[in-house]
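Residue numbers (the numbering used here), protein chains in the order written: chain G, 1 to 357; chain U, 1 to 486.
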């Protein structure tokens with residue numbers, strides 16, 4: 001970033017180090033809404049009309065701030081002095097460094113420009129010494145919007161899956177009608193779901209990202225449908241009741257992931273926050289379910305007993321003898337006796353127990 | 001835990017068969033109790049047991065009022081019966097402590113000149129089980145009112161022996177007050193079917209009444225003997241006496257069927273006189289009666305389990321399997337067959353229940369029920385059949401009483417091998433909170449050898465010991481097998 005470049009851009013240098021720079025107003029998504037080319041220093045910012053940059057924001061003082069570029073050697077990074085004028089709100093430098101009215105702060109440019117908040121405006125000062133970051137690929141969100149074939153493939157898989165489950169659950173003579181109903185309501189439900197997300201995206205990003213939302217929806221649906229079959233199948237085959245007892249955790253995880261990816265198309269610049277939202281939702285959902293299960297059944301799991309039956313050929317677990325099974329019931333007695341005592345101790349205080357309930 | 005209706009029955013029906021359900025509801029509601037008026041008093045029941053030797057069939061000192069007609073019995077009219085029994089008849093009220101309002105009313109009668117009164121357990125159950133909230137008083141036909149104490153209970157036969165509070169020897173005279181008392185009909189003079197009997201009591205708190213009906217022998221398939229009285233009983237008459245034409249006690253009013261007309265039940269007098277003999281000199285009950293109830297239920301479940309296991313199973317209950325169905329000794333089985341109208345699953349269903357249930361205040365217990373459904377999905381194919389078969393297996397409830405009375409269910413499950421026949425078996429149990437060492441057990445079974453047909457069964461026993469729950473579950477599971485070897 002040598003002086004040669006500067007000289008090119010600035011034909012009539014007046015003040016000390018002629019330094020063409022760019023001051024931009026950035027919106028919440030990081031897009032530039034307005035920019036000023038800075039040819040001379042210092043730059044004054046305020047509501048009064050005699051400022052270099054006039055911000056007609058009631059939260060900005062008449063002469064709110066002055067920004068000056070400090071001459072620097074070729075090698076040294078540029079330095080900027082931000083001086084707050086007679087302002088009660090001051091200037092926020094970077095994320096949280098607040099320069100009070102009357103104070104000044106010298107900032108060493110880290111090569112990524114200087115961010116300032118003055119009144120409600122988010123400003124970015126780009127200096128010639130800033131390094132230019134490499135071009136970023138478009139986000140997956142924007143990318144997917146135009147790549148429909150895989151999405152359609154997934155959607156067809158979902159519909160086939162839904163049709164298969166309708167075929168299984170419906171008696172032969174009622175099949176056609178209910179297949180139509182279910183198919184229509186699946187499509188309509190999916191469209192409404194994706195439509196609402198697209199509306200949110202549009203509101204926040206001015207793009208609907210409908211393609212992305214459809215993709216997220218069909219993939220998540222596919223996973224959820226698989227979760228409705230695979231854990232029960234394994235639970236049946238191997239006599240693993242715990243698998244379906246806790247398969248709701250996987251369902252919640254899938255739902256949380258789906259929400260996260262939907263949110264990415266709503267607040268693309270806040271991945272971290274959105275990840276936090278989804279993770280929190282997942283943790284809270286699982287915790288609530290566990291708590292509810294304990295309240296309802298006294299157990300963490302969801303199913304009192306494994307109640308998924310498949311064609312007998314799929315059973316792989318070996319059956320036990322009746323004697324072994326019945327003898328295995330013995331430990332239940334202590335558990336039940338303990339539960340019975342926890343509340344309204346068998347004899348004695350039964351009447352009080354009655355009152356309580 | 002989900003609260004469920006007051007006396008929901010152990011067996012949860014797979015909700016597919018409305019007709020059957022209706023029929024069963026009838027069968028199950030069966031002897032809805034005669035007794036008490038109060039809000040939802042649950043239905044007490046008949047009783048058990050081989051007739052205990054009639055210890056002394058004659059109530060002590062039958063007062064002059066028992067106009068024993070010498071030889072050639074001349075029938076007394078209902079009016080005379082009433083006149084003669086009027087002074088021995090009482091209404092029994094359960095009253096909220098500290099508040100004058102009554103929570104339930106029933107009837108009772110004096111059986112000794114010392115002031116012993118007999119009634120049903122269900123008439124005094126609130127006072128017996130929650131003594132800190134309830135008092136008992138009796139009111140005679142002429143309006144005299146006095147407190148009552150409980151001496152002895154026979155929960156299995158639904159009887160209670162009380163004593164008039166004003167009967168205690170007074171400090172002044174040393175001798176207690178004398179009461180008119182009814183005498184029992186001697187055990188060696190059995191009634192003949194069709195003989196006229198008179199039932200007395202205070203129906204619905206309207207006033208003392210006498211109703212006449214006929215003796216129809218003992219109730220068939222009752223676990224404990226009970227007299228089938230062909231007459232009308234109403235709520236409030238529970239605990240009142242049923243008298244023969246000589247004015248002797250033949251039974252105690254206890255219950256009626258609400259789905260029939262004049263189908264009523266009496267506890268045979270022999271159990272009442274046995275209770276009197278046993279408890280005449282007992283000290284008044286102190287505190288809650290739950291320990292006594294528990295002890296008697298433990299005896300009941302031992303008898304029930306032994307008799308149930310000893311009776312074995314019916315043969316030929318299914319073409320392919322031996323499905324456990326009990327013989328018609330003290331249980332009754334109803335069946336239905338349902339053919340799908342939409343080319344779906346066809347099934348047959350059988351429900352076996354006992355009429356006998358032991359009333360324990362807020363709930364009933366001490367009963368066994370079985371059910372099975374035999375499914376045919378050959379019109380559906382393996383996958384569709386499996387889905388319906390699983391739905392039926394899933395559609396079972398293991399919650400019966402509120403969490404105040406029972407723990408939440410715990411289950412054990414596995415695949416069971418019955419001489420090569422694979423079964424999925426689930427055993428769920430609940431413990432009673434106020435009746436230590438008693439449990440409800442439910443066994444759920446699904447056959448898993450055919451891909452388009454199958455049988456699912458459920459066995460329920462209420463109020464059994466843990467060891468007997470295991471015995472019964474084993475007995476039930478062992479019953480499943482192939483009819484012909486494979």
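Cβ atoms here follow ideal geometry from the backbone N, Cα and C, with glycine treated the same way.
In this structure, the straight-line span from the alpha carbon of residue 394 (chain U) to that of residue 308 (chain G) is close to 8 angstroms.
Taking 8 angstroms as the upper bound for CB-CB distance, residue 278 (chain G) and residue 260 (chain G) are in contact here, some 4 angstroms apart.
Taking C-beta separations shorter than 8 angstroms and ignoring five residues to either side along the sequence, the partners of residue 256 (chain G) in its chain run 278, 279, 281, 282 and 285, following chain order. Runs of beta strand (DSSP E) with 3 or more residues, each lying fully within the region 91 to 140 of chain G, are found at 91 to 93, 97 to 99, 104 to 108, 114 to 118 and 121 to 126, listed in chain order. Nearest C-alpha to residue 358 (chain U) among U:441, U:187 and U:156: U:156. The alpha-carbon separation between residue 59 (chain G) and residue 91 (chain G) amounts to approximately 11 angstroms. Here residue 106 (chain G) is near residue 79 (chain G), since their CB atoms are less than 8 angstroms apart.
As a beta-bridge residue in DSSP terms, residue 406 (chain U) pairs with U:432.
Taken in chain order, the members of the region 147 to 176 of chain G whose beta-carbon sits within less than 8 angstroms of a beta-carbon on chain U are 167, 168, 169, 171, 172, 173 and 174.
Taking 8 angstroms as the cut-off, the beta carbon of residue 276 (chain U) is found no closer than this to the beta carbon of residue 242 (chain U). The C-beta of residue 239 (chain U) has 16 or more other C-beta atoms within 10 Å across all chains shown, which makes the residue buried. Under the 8 angstroms criterion on CB atoms, residue 243 (chain G) is classed as non-interfacial with respect to chain U. The Cβ of residue 186 (chain U) sits no closer than 8 angstroms to any Cβ of chain G. Residue 321 (chain G) and residue 470 (chain U) have their C-alpha atoms some 14 angstroms from each other. Around the beta carbon of residue 262 (chain G), a 10 Å sphere encloses 16 or more other beta carbons of the protein chains shown; the residue is thus reported as buried.
By the neighbour-count criterion, in which 16 or more other beta carbons inside 10 Å mark a residue as buried, residue 188 (chain U) falls on the exposed side.
When DSSP assignments are scanned along the region 235 to 304 of chain U, the uninterrupted stretches of alpha helix (DSSP H) that are 4 or more residues long and fall wholly within it turn out to be 269 to 279. Residues of the region 416 to 433 of chain U with a C-beta less than 8 angstroms from any C-beta of chain G: 416, 417, 418, 422, 423, 424, 425, 426, 427, 428, 429, 430, 431, 432 and 433, listed in chain order. Nearest to residue 32 (chain G) by C-alpha distance, out of G:115, G:289 and G:24, is G:24. Rounded to the nearest whole angstrom, the C-alpha separation of residue 199 (chain U) and residue 426 (chain U) is 47 angstroms. Rounded to the nearest whole angstrom, the CA to CA distance from residue 147 (chain U) to residue 165 (chain U) is 5 angstroms. Assigned with DSSP and collapsed to three states, residue 208 (chain U) falls in coil, not helix or strand. Residue pairing by DSSP places residue 149 (chain U) opposite U:163 in a beta bridge. Nearest C-alpha to residue 419 (chain U) among U:478, U:411 and U:464: U:478. Residue pairing by DSSP places residue 412 (chain U) opposite U:427 in a beta bridge. Listed in chain order, the non-local C-beta contacts of residue 37 (chain G) below 7 angstroms within the same chain comprise 20 and 22, local neighbours out to five positions each way being set aside. Under the DSSP assignment, residue 262 (chain G) falls in the alpha helix (DSSP H) whose first and last residues are 247 to 264. For residue 307 (chain G), the secondary structure class from DSSP, reduced to helix, strand or coil, is coil. Under DSSP, residue 417 (chain U) takes part in a beta bridge, and its partners are U:422. Between the region 387 to 404 of chain U and the region 297 to 313 of chain G there are three or more inter-stretch CB-CB distances shorter than 8 angstroms, so the stretches are counted as touching. With contacts defined by Cβ atoms closer than 8 angstroms, residue 209 (chain U) and residue 88 (chain U) do not form a contacting pair. Judged by beta-carbon spacing, residue 168 (chain G) lies beyond the 8 angstroms limit of residue 474 (chain U), meaning their Cβ atoms are not closer than that value. The residue among U:307, U:310 and U:348 with its C-alpha nearest the C-alpha of residue 323 (chain U) is U:348.
Residue 333 (chain G) belongs to the set of residues whose beta carbon lies under 8 angstroms from a beta carbon in chain U. Residue 474 (chain U) has a beta carbon lying within less than 8 angstroms of a beta carbon in chain G.
If you draw a straight line from the Cα of residue 433 (chain U) to the Cα of residue 158 (chain U), it is about 21 angstroms long.
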